[in-house]
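Each residue of the sequence shown is one higher than the one before, counting from 50 in the working numbering. The structure appears below as structure tokens.
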Amino acid sequence: MIKVGIIGFDSSHAVEFTKRLNHVDISEEHWVYGAKVIMGYPGRPSSFADSGTITQRIQLLKEFGVEIVDSAEEMIGKVDAIMLEQQEGGLHLEVAKPFIEEGIPLFIDKPFTCSVADAKKIFELAHSYDTPVFSSSSLRYALEVQDLKSRGDLGEVLGAETYSPAILHPRNPGLFNYGIHGVEMLYAIMGIG
Numbered sequence: 050m051i052k053v054g055i056i057g058f059d060s061s062h063a064v065e066f067t068k069r070l071n072h073v074d075i076s077e078e079h080w081v082y083g084a085k086v087i088m089g090y091p092g093r094p095s096s097f098a099d100s101g102t103i104t105q106r107i108q109l110l111k112e113f114g115v116e117i118v119d120s121a122e123e124m125i126g127k128v129d130a131i132m133l134e135q136q137e138g139g140l141h142l143e144v145a146k147p148f149i150e151e152g153i154p155l156f157i158d159k160p161f162t163c164s165v166a167d168a169k170k171i172f173e174l175a176h177s178y179d180t181p182v183f184s185s186s187s188l189r190y191a192l193e194v195q196d197l198k199s200r201g202d203l204g205e206v207l208g209a210e211t212y213s214p215a216i217l218h219p220r221n222p223g224l225f226n227y228g229i230h231g232v233e234m235l236y237a238i239m240g241i242g
């Protein structure tokens with residue numbers, strides 16, 4: 050069983066991913082096997098969720114069996130992987146760095162970062178420490194996208210336009226915030242180019 054730590058409760062993903070991994074408060078068809086969220090750190094105060102929302106999520110996660118810790122670093126040596134859910138992408142390099150240096154694999158949720166320079170630095174660190182790091186959008190795996198991709202009656206696909214959510218936030222400018230959704234669907238249809 051992979052022991053997972055979650056950082057950042059300002060996204061509903063902290064609760065939703067925990068439901069699926071810990072098999073609580075969700076139908077069995079959504080269960081994910083082989084990993085369990087055992088620890089969590091709420092993250093820094095955020096403009097993405099108010100303190101009341103964070104408090105509610107802390108309570109839910111406790112009910113789901115997650116130990117809440119006072120700092121992200123407390124999870125080092127106690128978890129096998131990290132899900133970085135803090136929504137402010139500008140913090141991701143700083144938060145991810147100690148885990149990368151310890152060789153703890155990370156899933157970094159959107160936005161991966163808010164600059165190309167930070168993204169390059171994360172991958173340079175990951176390469177240096179041989180630590181798996183990734184991000185992804187679930188829309189790559191949407192049934193509609195997969196059905197389109199597998200259809201044989203379309204012939205050669207020469208181009209595609211994709212649309213996705215585009216919630217804008219000043220802390221995650223432009224396409225950094227939600228751009229991954231449209232890009233991942235495009236890659237799923239067209240390939241990586």
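Even glycine gets a Cβ: it sits at the ideal position worked out from N, Cα and C. Bear in mind that the values here come from a model prediction, so they are computed numbers and not experimental data.
Give me whichever residues DSSP pairs with residue i in a beta bridge.
{"i": "I131", "result": "G54, L155"}
{"i": "Y303", "result": "Any answer about residue 303 is impossible in this case: the structure gives the chain only from 50 up to 242."}
{"i": "I117", "result": "G89"}
{"i": "A84", "result": "I51"}
{"i": "F183", "result": "F156"}
Could you pull out every residue in the same chain whose Cβ sits closer than 7 angstroms to the Cβ of residue i, ignoring the five residues on either side in sequence?
{"i": "E122", "result": "P147"}
{"i": "I75", "result": "K68, R69"}
{"i": "E233", "result": "S185, S186, L188, R189"}
{"i": "V115", "result": "T67, V86, I87, M88, G89"}
{"i": "E205", "result": "none"}
With a CB to CB cut of under 8 angstroms and the five nearest residues on each side skipped, what residues in its chain are close to residue i?
{"i": "T278", "result": "The chain is shown only over 50 to 242; residue 278 falls outside these bounds and no answer can be derived."}
{"i": "V128", "result": "K52, V53, G54, I87, M88, I153"}
{"i": "S198", "result": "Checking the sequence, you will find Lys at residue 198 rather than Ser. If we look at K198 and ignore the five residues flanking it on each side, its Cβ neighbours are A237, I238."}
{"i": "I125", "result": "P147, F148, E151, I153"}
Give me the Cβ distance between residue i and residue j, rounded to the nearest whole Å; I'm assuming they're in contact under 8 angstroms.
{"i": "A191", "j": "V182", "result": "Not quite, the Cβ-Cβ distance comes to about 24 angstroms (not below 8 angstroms), so this is no contact."}
{"i": "S187", "j": "K159", "result": "S187 to K159, Cβ: 10 angstroms. No contact."}
Give me the residue from the options with the minimum Cα distance to residue i.
{"i": "E32", "options": "G83, G126, V128, A145", "result": "Lying outside 50 to 242, the shown extent of the chain, residue 32 is not represented and no answer is given."}
{"i": "G89", "options": "A98, E112, Y178, D99", "result": "E112"}
{"i": "A98", "options": "D119, A237, F58", "result": "F58"}
{"i": "V165", "options": "V206, D202, G223, E233", "result": "G223"}
{"i": "L207", "options": "I229, E233, Y227, G240", "result": "G240"}
{"i": "E151", "options": "Q136, D158, S177, K159", "result": "S177"}
{"i": "G92", "options": "S120, V194, Y82", "result": "S120"}
{"i": "K85", "options": "I125, M132, G126", "result": "M132"}
{"i": "L235", "options": "D179, G201, E193", "result": "E193"}
{"i": "E210", "options": "S95, I56, G231", "result": "G231"}
{"i": "I229", "options": "V115, I157, V118", "result": "I157"}
Given residue i, which residues of its chain have a CB within under 6 angstroms of its CB, disregarding the five upstream and five downstream residues?
{"i": "A130", "result": "I51, V53, P154"}
{"i": "H72", "result": "W80"}
{"i": "I87", "result": "K52"}
{"i": "L109", "result": "V64"}
Would the segment 59-70 and the segment 97-107 be scored as touching if the rule is three or more Cβ pairs under 8 angstroms? yes
Meets three-Cβ-pair contact criterion under 8 angstroms: the segment 171-180 and the segment 202-214: no
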